[in-house]
Amino acid sequence: MQIKKLTFNPIQENMYIIYDDTKDCIIIDPGCYFHQEREELKSFIEENQLRPVKLINTHCHLDHICGNKYVADTWSLKLEANKLDEYNLQRSIEAGILYNMPIEPSPPIDVDLKEGDEIKFGNSALSILFTPGHSSGSVSFYSQAHNFVIAGDVLFRMSIGRTDLPGGDFDTLIDSIKSKLFVLPKNTIVYSGHGEETTVGYEMKNNPFLN
Ligand SMILES: [Zn+2]
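Pasting the structure below:
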């Protein structure tokens, strides 16, 4: 499996394209907002001859979904996310105006991503971990075989997701991190929704919110 990170939009969100030798790819949290960002995404996919087969959100905050409609329309994909985050899609037009980042409405969640299920594409699979607290329906995607987890806004290098937005809850978030992420092998690479990669072990030792 290969992972491509693109950092887009005024909120500097990390979107991920994950693909394998079959050239099937999944698109996670398309934050492509401006025309040139969408062109960059499209060029990457075309230049690598990838075939997008899934559109996925770790959670449905504005900066993670602002490219949902573009990706859904361009590659004829339906949205997959945890349905407990549907409320964020419903308030996203309003949130876009509030954050001075107006967006096109995202398609609704078509496939509910639940703990214990797998996201399958090509010859690959990612396990779904239910990790609420930053939002009600935040999920993370884990590959044991390739030693990484896509954590959305649950855990960052030396920080954690904010819990002051609707559906956020500090204790729930800390519990998600401890019970779902900190039980993974310490050398697991954590790809977050903002900022640089980190590892489970580094955060267990150094994250000021978890000591
Ligand atoms: Zn978020």
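Residues are numbered in the working numbering as their position in the sequence shown, beginning at 1, plus a constant of 717.
C-beta: ideal position from N, C-alpha, C; glycine also.
Check	Outcome
Reduced DSSP secondary structure (H/G/I, E/B, other) of residue 875	coil
Heavy atom of ligand 1 within 7 Å of residue 870 beta-carbon	yes
C-beta contact flag for residue 863 and residue 718 at 8 Å	yes
Cα-Cα separation, residue 875 to residue 906	14 Å
8 Å CB neighbourhood of residue 917 in its chain, flanking five on each side removed	866, 898, 899, 901, 902, 903, 904, 905, 907
Where residue 760 falls, given that 16 or more other Cβ within 10 Å makes a residue buried	exposed
Supposed contact pair residue 746 and residue 756 - C-beta distance, whole angstroms, cut 8 Å	Not a contact, Cβ separation roughly 18 Å.
Continuous beta strand (DSSP E) stretch holding residue 796: start and end	796–798
Distance between residue 868 and residue 787 (C-alpha atoms, nearest Å)	23 Å
Inter-residue Cα distance where the pair is residue 854 and residue 739	30 Å
Check: residue 863 C-beta below 7 Å from any heavy atom of ligand 1	no
Cβ-Cβ separation, residue 816 to residue 883 (assumed contact under 8 Å), whole Å	Going by Cβ atoms, the distance from residue 883 to residue 816 rounds to 14 Å, so no, they are not a contact pair.
Closer than 7 Å: residue 910 CB and nearest ligand 1 heavy atom	yes
Distance between beta carbons of residue 896 and residue 871, contact taken as under 8 Å	Not confirmed; about 12 Å, so no contact.
Distance CB(residue 858)-CB(residue 741) smaller than 8 Å	no
Close Cβ partners of residue 720 (< 8 Å) along its chain, the five nearest in sequence each way excluded	733, 734, 735, 865, 908
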